[in-house]
Amino acid sequence: MNKSAGKKAWVALSGGVDSSVAAFLLKEAGYAVEAVYLRLWELPGQQTSLQAAQAVADYLGIPLSVFDWRQIFKNQVVEHYLTALARNRTPNPCVYCNQVIKWGRLLEQALENRAALLASGHYARLEYDAAGLPLLYKAADASKDQSYFLAALPRTSLAAMCLPLAAYTKAEVRSIAAEINLPSRQSQESEDLCFLAGKDQVAFLREHAPHLLEPGPIEDLHGKELGQHQGLALYTIGQRKGIGLSASQPYYVLAKEQTTNTLRVGWSDALPRNAVQTGPVNWLVSQLPGAQDLVEVKIRSAARPVQARCKILSTGDMIAKLEKPLRDITAGQLLTLYQGQLCLGSAEIQAALNL
RNA sequence: UGGGGCAUGGUGCAAUGGCAGCACACCGGACUUUGAAUCCGUGGAUCUAGGUUCGAAUCCUGGUGCCCCAG
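First residue of the first sequence? That's 97 in our numbering, and the numbers climb one at a time after it.
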């Protein structure tokens, strides 16, 4: 604790219970904590969490700065999201937001202001290897682990990152909040994409990217037309809800075929694939796994990890051969690599394959 | 305008004289810092007019609509 005494630490304070407790723990550890609230996306008439963040900062007796980054967020994260949709992908804007906003621009600002580190309420754990380089681990609370959302960050960002909640379960965090009577102790879990909050996908796209809502045919694997879709951007691989077709069993989205604007659907048994092709890997370890080493991969934030062997191609792309087939492997989502609790790195999914 | 068959929630089916049930879809909830998946749950139907019967989705008659065969 002594070595942290007086060191300046920035904490990204959202007003929720997690970042609030993170700020509290940092302060307890002896840091000179300064909170930052980011205004990223606000809907007219919608109550923001700024007041909640201010109440927490006041309660903890720490200064709070408010950065209005709405334009930056829109130009970067939302734009990136829409661009990915236009490329027929299923983007993960939270991953990207962490890269460019929270652990990009905000971290830069923190360091420029001579903060020693930037903390957040993410559930994940950092350690350091013999060379002093950061290693990203899953959270102690496996059910809340958010290492997936941090796995696309460069190690240089991790080096200045602090995750005070690493060792705590969600229940413990709530209990700490209750114990010290934090104003945010009863905050809801954040859920939807922040810029979709309170709206549905259709309404959002109609307002911001109506060109993505081009109706087209829904076809089965035999090319038989079954109905009409309202825009490929509204669907993701493996999706069941929203297709609107009745049959003896549920239909799932098998493919989004952009050249013909066709939504290809079929039964669930047509979904599994046994390999994933990704783009270049963002490695978070110094010693890379060999082609014969079994690692674990996750293809969605809430997906169960499965064992795989990874081969790096000469292009830098990766093929992960899965020990067990997975369904819903979706271009644009992040694939994360693990060895036990340790996150080895991540890469963007390009395609699902059957090898 | 000959013969035959069919008609049940939004869709596809079940119930053959006894409280109309299932799947899919839709809607709601749980889960979830990605639109998923998964789990739980609600609502909603006997084409129409008569008749037989204690009782009709079921049997009878007419009407209407659809399908098949033959023209």
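Where is the CB? At the ideal position from N, CA and C, for every residue including glycine.
For residue j and residue i, the rounded distance between their alpha carbons
| i | j | result |
| --- | --- | --- |
| Tyr177 | Pro187 | 6 Å |
| Asp288 | Val372 | Below a pLDDT of 50, predicted positions are generally treated as unreliable, and Asp288, at 49, falls in that range; the measurement from the model is reported next regardless. Distance between the alpha carbons of Asp288 and Val372: 26 Å. |
| Leu350 | Ala149 | 43 Å |
| Tyr264 | Tyr434 | 20 Å |
| Ala427 | Arg166 | 28 Å |
| Gln297 | Phe163 | 27 Å |
| Ile158 | Val129 | 6 Å |
| Pro250 | Asn378 | 7 Å |
| Met257 | Lys198 | 10 Å |
| His304 | Arg135 | 19 Å |
| Val381 | Ala387 | 16 Å |
| Glu268 | Gly362 | 44 Å |
| Leu122 | Pro260 | 7 Å |
| Tyr348 | Thr355 | 20 Å |
| Met97 | Glu124 | The pLDDT assigned to Met97 is 46, lower than 50, so where the model puts this residue is not dependable; a value taken from the coordinates is nonetheless given after this. Taking the straight line from one Cα to the other gives about 9 Å. |
| Gly319 | Arg360 | 8 Å |
| Leu231 | Ser397 | 19 Å |
| Arg400 | Asn370 | 15 Å |
| Ile168 | Ala343 | 45 Å |
| Glu419 | Leu309 | 37 Å |
| Ile445 | Ile395 | 8 Å |
| Leu409 | Glu392 | 19 Å |
| Ser364 | Arg221 | 36 Å |
| Lys337 | Gln345 | 13 Å |
| Trp137 | Ala255 | 28 Å |
| Phe245 | Asp424 | 18 Å |
| Gln403 | Leu390 | 6 Å |
| Ala299 | Ala226 | 51 Å |
| Leu301 | Gly228 | 45 Å |
| Asp237 | Cys439 | 15 Å |
| Thr179 | Leu207 | 30 Å |
C-beta contact flag for residue i and residue j at 8 Å
| i | j | result |
| --- | --- | --- |
| Ala247 | Leu430 | yes |
| Ser216 | Val107 | yes |
| Leu81 | Tyr155 | For residue 81 there is no data in the structure shown, the boundaries of the chain being 97 and 451. |
| Gln383 | Tyr233 | no |
| Val152 | Gly111 | yes |
| Ala44 | Met414 | The question about residue 44 has no answer, for the chain in this structure spans 97 to 451. |
| Ile314 | Gln324 | yes |
| Ala235 | Tyr224 | no |
| Cys406 | Pro376 | no |
| Val196 | Val173 | yes |
| Leu292 | Ala366 | no |
Sheet register partners of residue i (DSSP bridge)
| i | result |
| --- | --- |
| Phe163 | Leu134 |
| Ser471 | Nothing about residue 471 can be reported from this structure: the residues present for the chain run from 97 to 451 only. |
| Ser442 | Asn378, Thr432 |
| Gly323 | Ile314 |
| Gln373 | Ile415, Ala447 |
| Cys406 | Ala416 |
| Trp106 | Glu130, Leu214 |
| Lys394 | Thr432 |
| Leu422 | Arg369 |
| Tyr224 | Pro230 |
| Tyr347 | Answer is none; Tyr347 lacks a bridge partner. |
| Thr358 | Glu353 |
| Cys258 | Ala215 |
Nearest candidate by alpha-carbon position, reference residue i, set the options
| i | options | result |
| --- | --- | --- |
| Leu322 | Phe300, Thr358, Pro306, Ile333 | Thr358 |
| Lys104 | Leu214, Leu249, Arg281 | Leu214 |
| Leu449 | Leu440, Lys417, Ser442, Gly441 | Lys417 |
| Ile333 | Glu392, Gln345, Lys407, Leu422 | Leu422 |
| Asn194 | Pro401, Cys290, Ala262 | Cys290 |
| Leu203 | Val132, Pro189, Glu175, Gln335 | Val132 |
| Val113 | Pro401, Ser271, Ala235 | Ser271 |
| Thr411 | Ala273, Val196, Thr374, His307 | Thr374 |
| Lys240 | Leu222, Ala262, Pro230, Ala226 | Ala262 |
| Ala329 | Pro189, Asp237, His307 | His307 |
| Ala182 | Asp365, Ser364, Gly327 | Gly327 |
| Leu109 | Leu146, Leu139, Trp137 | Leu146 |
| Ser115 | Ser280, Cys439, Leu390 | Ser280 |
| Arg210 | Gln403, Ala227, Gly102 | Gly102 |
| Ile276 | Asp316, Leu440, Phe120, Leu451 | Phe120 |
| Lys266 | Ser253, Thr252, Gln242 | Gln242 |
| Thr461 | Gln205, Gly200, Ala273 | No answer is possible for residue 461: it lies beyond the span of the chain, which begins at 97 and ends at 451. |
| Gly312 | Ala273, Lys352, Lys170 | Lys352 |
| Tyr331 | Ser161, Thr432, Asn184, Leu207 | Asn184 |
| Ser161 | Leu139, Pro189, Gln205, Cys190 | Gln205 |
Alpha helix (DSSP H) runs wholly inside the stretch 229-254, at least 4 long, in chain order: 243-246
Beta strand (DSSP E) segments (min. 3 residues) lying fully within the stretch 160-218: 160-164, 213-215
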